[in-house]
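First comes the structure, then the notes that go with it.
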Amino acid sequence: MAGLADTARFNEAAGLPKHEIIETPREDGSVEYLGRAKLGRSELEWEDHPVDWVHGRWFEHRRTFRKGPLRHMNARLTFTSTRHGCRGEYQLEADAANLVGKAVLATKFFTAAERDFGRLADDAREFAAGRSEREFAAGRAEREFDVPLPDLSPGAEERIEPLIEELDKTPYGNGLARRLADYVKERQEVDVVSIRLLRLARLWGTPVRETIEVCLQAVKSGLLGMRWDLLCPRCQIGKSSNIALDQLPTGAHCPSCNVDFDRNFTENLELAFHPSRAIRDIDGREYCLFGPMSTPHVKVQLTLEPGERRTEEIELFPGMYRARTLEPGEEITISHEGGGFPEICAEGTDIVTGDPAEPRRIALHNKTDRRLTFMVEEFAWRRDALTAHKATTLQAFRDLFEEQLLRPGDDVDIDHVTIMFTDLKGSTALYEKIGDSQAYHLVRQHFAVLGKAVRENNGAIVKTIGDAIMASFSNPLDGLNCGIQIHRDFETFNAHSGRTPVTIKVGLHVGRCISVTLNNRLDYYGTAANKAARLEGESLGGDVVFSEKFAEDPSVAPLARELEAERHLATLKGFPDPVPYYRITEETLASRRTAEASDGST
């Protein structure tokens, strides 16, 4: 069903030509979308009207032509539940603009459309039933439609095998090099024009970190290219792009939505990937600008005439939603807890809510004197975006792209980052005992153990300070798990080193920071980093110390309770009042390791 509703994918598979879109703001703030393409000898030009759709139910796409043999064309796809799944009904309407158009409609237009839809519907049915033979190495069907393999760049086939071998030999290949190469070679263009790695990991069923790592390494090797996309907060499409972080503007304009917006490291700056031009060259034209699967976070998009009220059947699951219009105006956030979804009303330039509709229905009411396109969208799209914040807190990114920096003076506010500081307990006395040469080798080995734990928990080492490290994580729970793993790994290290045991101190905090370029690297500055450093000073060694805010994070709280984190107060340098913090003791962590070892041996 999703494949048939994916209009860009469908049009590509049907062999329809790509087209360019020209977006022109109107005086009332709305936008005209003008499409241009060439089909055979005919030059086509049309106005693309916003597609109407209700997720999982139906969509309708209208075009009004200004050049070419047709005057209008409407396509509608409706899904109806049946005992064995669902039934799809495709309706295509068109009328001629001239004699050529009449001849086209009288001969091959509708029969060709029927043939293409039937063929692609059969593909979609096979794909949904799991009977497709088009499978990758994992044994899962990943191509919805049986279409010819895409053209590759000259010499690409000869380049790919050495690239796969090179990728497999790197620390970040993760055994995924061939699968990635096949994806780049075989997938439809709509899949690779902007590869979202979190979605790719979900498709493959592979760990997110390993999927990201192989793609980052593939950029270095030449299989992939990457770019930073500044996403419009409304349509979630990149509207300003650059391969260098320091060349991105601090804001952009979205001509599709006719809005200006600012850059936000944690929300709308995405690291996206695409095939290297040496492997597969892709231009920027569209197969379809609008469509339910082009913006899958939009669950309802309907155009209402002045004064019109409509209700539609749809099941909106509990979660956070945003209601707005495609045209400029206000928007509202709705926390939907189930039951009836509130009526969405447009009044003037405002969006307001009314009484709840019946369960599994939505009601829209245009109380203005102008036509409006209503949109109801969920926030879940963000789970697929590899934001700049997530990317820069991964060790592979730091290792492979140390040149990706903010330009001097460009400070980026990050509202939620986990900072870890570690230190080697009693290092001065230890160095005096074992001597400088052995101390140097010990510090290098200790950094390797720390680096492994940080990487395996989706973090990155920001910098080393003497024998201490500063690390960052986008998820607080990853930081806590890293702290726990550090002590587990050093227990193993000490058992095999033959030296005086090494004890690590760990401090964690989560909060707002400023990301800046310092000493030719991305660094963090602010109270959150300062507090994490001070809390590490409260560590006794072998324990994990973290702030009260960190302990209260929903991802951390259950584990903190399970490990009986103890609450304390401390006077920290730079903080006027005593600071509450929590400690998971060395004894508790040692007992946990003993229990894990016992479970593993039974």
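For the sequence shown, our numbering begins at 179 and goes up steadily by one.
Glycine included, C-beta positions come from ideal geometry on N, C-alpha and C.
Judged by DSSP secondary structure, S419 falls outside any alpha helix (DSSP H) and instead within the beta strand (DSSP E) spanning 416-420.
K709 counts as buried, since at least 16 other C-beta atoms from the protein chains shown sit within 10 angstroms of its C-beta. DSSP links L408 through a beta bridge to S418, L447.
Between I492 and R539, the gap from beta carbon to beta carbon is short of 9 Å.
Cβ neighbours of P654 within its own chain (closer than 7 Å, five residues either side excluded): T596, V688, F728, D731, S733, V734.
Leaving aside the five residues that flank L217 on each side, the residues in its chain whose CB is nearer than 7 Å to its CB run, in chain order, P195. DSSP places R261 outside both helix and strand once states are collapsed to three, so it counts as coil. Assignment of alpha helix (DSSP H) within the stretch 315-372, counting only whole runs of 4 or more residues, yields 334-347, 355-364, 367-370 in chain order. Inter-residue distance for A275 and A281 is about 11 Å (C-alpha atoms, whole angstroms).
In the displayed model, G469 falls within coil according to three-state DSSP, outside both helix and strand. It is roughly 17 Å from the alpha-carbon of G353 to the alpha-carbon of R380.
I662 sits in a helix when the DSSP states are folded into three classes. Per DSSP, the continuous beta strand (DSSP E) segment holding C432 begins and ends at 429-432.
CA-to-CA, the gap between L504 and N442 works out to about 22 Å. A Cβ-Cβ distance of about 12 Å is found for the pair V362 and V371, leaving them out of contact under the 8 Å criterion. Boundaries of the alpha helix (DSSP H) around C393: 386-399. A291 and G266 do not touch by the CB rule: their CB atoms are close to 14 Å apart, not below 8 Å. In this structure, the alpha-carbon of G213 lies about 33 Å from that of L358. Assigned with DSSP and collapsed to three states, V627 falls in helix. Within the same chain, Cβ atoms closer than 8 Å to the Cβ of T678 are found at L608, K611, I612, the five residues on either side in sequence being excluded. For I612, there is no enclosing beta strand (DSSP E); the enclosing alpha helix (DSSP H) has its first and last residue at 605-612. Take D230, set aside five residues on each side of it, and the residues of its chain with a beta-carbon closer than 7 Å to its own are F237, E238, Q479, L480, T481, in chain order. The C-alpha of T681 is placed about 59 Å away from the C-alpha of F188. Between the stretch 747-764 and the stretch 705-720 there are three or more inter-stretch CB-CB distances shorter than 8 Å, so the stretches are counted as touching.
With respect to the 9 Å criterion, Y499 and E555 are classified as neighbours on the basis of their beta carbons. Residue pairing by DSSP places I492 in no beta bridge whatsoever. Annotation for R576: the continuous alpha helix (DSSP H) segment containing it runs 573-578. By the C-beta density criterion, S399 is buried, having at least 16 other C-beta atoms within 10 angstroms. According to the DSSP assignment, L381 belongs to the alpha helix (DSSP H) that extends over 375-382. Within the same chain, A191, L298, D301 come within 6 Å of F323 by CB-CB distance, once the 5 residues on both sides are set aside. A Cβ-Cβ contact shorter than 9 Å links L345 with L401. The DSSP assignment places 476-482, 487-491, 497-503, 510-514, 520-525, 528-534, 539-544, 550-556 as complete runs of the beta strand (DSSP E) inside the stretch 471-559, in order along the chain (cut-off: 3 residues).
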